[in-house]
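As structure tokens, the structure follows; a few thoughts come after it.
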Amino acid sequence: MTNLYKILFLKFMIIGTMISISSISWILAWMGMEVNLLAFLPLLKKMKKKNNTEMSLKYFITQAMASSILLFSIIITLNLEKSLLDYTSIFTDMALMLKLGIAPMHFWLVEIMSKMEWNLIIILSTWQKIAPMLLIFYSSNNLLFISLMIIISSIFSSIQGLNQICLRKILAYSSINHMSWMMSALLISPSIWWCYFTFYSLANINFITLLQKYKIFYLNQLSNLLSFNKTFKFLFMMNLFSLGGLPPFMGFFPKWLVINLLVQTKLIFMATMTILFSLISLFFYIRVCFSTLMLFCSNSSISTKMNLSFLSMTTNFLSMLTLLWMPLLLKFF
Numbered sequence: 001m002t003n004l005y006k007i008l009f010l011k012f013m014i015i016g017t018m019i020s021i022s023s024i025s026w027i028l029a030w031m032g033m034e035v036n037l038l039a040f041l042p043l044l045k046k047m048k049k050k051n052n053t054e055m056s057l058k059y060f061i062t063q064a065m066a067s068s069i070l071l072f073s074i075i076i077t078l079n080l081e082k083s084l085l086d087y088t089s090i091f092t093d094m095a096l097m098l099k100l101g102i103a104p105m106h107f108w109l110v111e112i113m114s115k116m117e118w119n120l121i122i123i124l125s126t127w128q129k130i131a132p133m134l135l136i137f138y139s140s141n142n143l144l145f146i147s148l149m150i151i152i153s154s155i156f157s158s159i160q161g162l163n164q165i166c167l168r169k170i171l172a173y174s175s176i177n178h179m180s181w182m183m184s185a186l187l188i189s190p191s192i193w194w195c196y197f198t199f200y201s202l203a204n205i206n207f208i209t210l211l212q213k214y215k216i217f218y219l220n221q222l223s224n225l226l227s228f229n230k231t232f233k234f235l236f237m238m239n240l241f242s243l244g245g246l247p248p249f250m251g252f253f254p255k256w257l258v259i260n261l262l263v264q265t266k267l268i269f270m271a272t273m274t275i276l277f278s279l280i281s282l283f284f285y286i287r288v289c290f291s292t293l294m295l296f297c298s299n300s301s302i303s304t305k306m307n308l309s310f311l312s313m314t315t316n317f318l319s320m321l322t323l324l325w326m327p328l329l330l331k332f333f
């Protein structure tokens with residue numbers, strides 16, 4: 001019975017997102033996001049944690065506030081002249097950015113993700129980003145405002161993530177940093193955005209699956225990974241560096257596409273800022289890798305058996321082949 005209700009709500013989540021991104025009016029887009037919200041809340045409520053009610057309430061209040069601002073801006077837009085639409089669209093962008101958790105409106109995202117289960121973190125950091133981001137693209141009349149939010153998001157996520165020891169918070173700040181890259185791509189080329197989103201989702205799912213399988217939540221727990229076999233450590237580091245965008249791993253390819261796109265469109269300052277603070281955020285992953293390889297724990301309480309699923313093995317294999325099929329991908333962009 002438990003799996004049936006999860007499947008039901010997941011279907012409604014997908015339906016809500018599809019309604020939003022395929023709608024021809026803002027009212028339908030707003031209704032689609034509300035369907036998505038009402039389908040995601042029961043999944044939060046059913047978590048096996050003591051504070052699941054508090055977390056569900058925080059998520060609901062934040063999303064309801066963003067939905068109210070969005071609905072308010074839609075109503076104002078329908079009753080104003082075209083000359084004033086550029087000003088009212090700022091409220092629309094702010095509401096959608098609040099739903100995404102883009103800095104400086106990101107504090108709810110970090111707090112909620114730090115208490116979530118790994119499978120819900122995957123959903124929140126991947127699927128739940130699709131509808132708000134595409135709607136920002138549809139209403140992108142204020143390029144200066146969106147560019148400013150992209151730079152602020154890149155700065156906040158890189159600096160605030162430096163002193164974290166909780167892996168879920170690190171992934172939350174990493175998600176915010178990746179959102180700044182995806183927003184940069186979305187302003188210019190939706191196809192590049194889809195490419196970045198696909199690569200990011202693949203790397204994110206691979207890495208979180210490993211953490212979920214071995215119940216790892218903090219950096220000090222990674223010392224136990226030293227007792228794992230070499231295959232696991234190789235896969236762990238490969239997915240980690242791919243998520244960080246370190247060349248020549250898979251995650252570097254979409255970042256290279258975005259940088260090339262920003263330079264071609266003369267957005268040199270934005271490209272410089274995103275690169276600079278992404279290097280700082282890359283320190284998160286290097287520190288995690290350092291904890292995995294350099295620390296030693298002789299009494300490991302974690303099983304060392306490698307029972308990876310077929311999906312995990314397939315995605316890791318594709319990650320290993322990045323250098324071989326990257327030239328082929330370049331022909332499409």
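Numbering (our numbering), first residue to last: 1 to 333. Glycine included, every Cβ here is placed at the ideal spot set by N, Cα and C. Just so you know, these numbers come straight off a predicted model, no measurement behind them.
Length at least 4, wholly inside the stretch 55-134: the alpha helix (DSSP H) runs in chain order
85-100, 107-113, 118-125
DSSP three-state label for Tyr218, please.
Numbered from 1 along the sequence shown, position 218 holds the residue referred to as residue 218. Three-state result, Tyr218: strand.
What does the Cβ neighbour count give for Ala203, buried or exposed, with the cut at 16 atoms within 10 Å?
On the sequence shown, position 203 is the one that residue 203 refers to. Answer is buried; the Cβ neighbour count reaches 16.
Where does Gln264 land, buried or exposed, given buried means 16+ other C-beta within 10 angstroms?
Taking the sequence shown and counting its residues from 1, the one referred to as residue 264 is at position 264. Its Cβ having fewer than 16 others within 10 Å, Gln264 is exposed.
For Met105, which residues from the same chain have a beta carbon less than 7 Å from its beta carbon, with the 5 sequence-adjacent residues on both sides left out?
Stepping through the sequence shown from its first residue, residue 105 is reached at position 105. Only Met97, Leu98 meet the Cβ criterion.
On a Cα-Cα basis, can you pick out the residue from Trp118, Ser157, Ile286 that is closest to Tyr214?
Counting from one through the sequence shown, the residue named residue 214 turns up at place 214. Ranking Trp118, Ser157, Ile286 by Cα distance to Tyr214 puts Trp118 first.
Tell me the residue span of the alpha helix (DSSP H) that contains Lys212.
For this step, residue 212 is matched to residue 212 along the sequence shown. The residue you asked about is not Lys; residue 212 is Gln in the sequence shown. 190-213 is the extent of the alpha helix (DSSP H) around Gln212.
Where Ala64 falls, given that 16 or more other Cβ within 10 Å makes a residue buried
On the sequence shown, position 64 is the one that residue 64 refers to. Exposed, because fewer than 16 other Cβ atoms sit within 10 Å of the Cβ of Ala64.
Please classify Tyr285: is it buried, with 16 or more other beta-carbons within 10 angstroms of its beta-carbon, or exposed?
Indexing the sequence shown from 1 puts residue 285 at position 285. Per the 10 Å Cβ criterion, buried.
Nearest to Glu34 (by Cα), restricted to the options Met179, Ser20, Ser25, Gly245
Locating residue 34 in the sequence shown gives position 34, counting from the first residue. Checking every option, the nearest Cα to that of Glu34 belongs to Ser20.
Is it right to say Leu28 is buried, meaning 16 or more other beta carbons lie within 10 angstroms of its own, or is it exposed?
Counting from 1 along the sequence shown, the entry for residue 28 is found at position 28. Exposed, because fewer than 16 other Cβ atoms sit within 10 Å of the Cβ of Leu28.
DSSP beta-bridge partners of Cys166
By one-based count along the sequence shown, residue 166 stands at place 166. Answer is Tyr218, bridged to Cys166.
Inter-residue spacing [alpha-carbon to alpha-carbon] between Leu144 and Ile151:
In the sequence shown, residue 144 corresponds to position 144, counting from 1. In the sequence shown, residue 151 corresponds to position 151, counting from 1. The alpha-carbon atoms of Leu144 and Ile151 are separated by roughly 11 Å.
Rounded C-alpha distance that separates Met339 from Ile112
Since the first residue of the chain shown is 1 and the last is 333, residue 339 is not available in this structure.
Nearest-angstrom Cα distance between Lys95 and Leu71?
Taking the sequence shown and counting its residues from 1, the one referred to as residue 95 is at position 95. Taking the sequence shown and counting its residues from 1, the one referred to as residue 71 is at position 71. Contrary to the premise, residue 95 reads as Ala rather than Lys in this sequence. So the two alpha carbons sit approximately 9 Å from each other.
C-alpha distance - Ser139 paired with Asp93, whole-angstrom precision:
Within the sequence shown, numbered from 1, the residue matching residue 139 stands at position 139. Within the sequence shown, numbered from 1, the residue matching residue 93 stands at position 93. Rounded to whole angstroms, Ser139 to Asp93 spans 7 Å at the Cα level.
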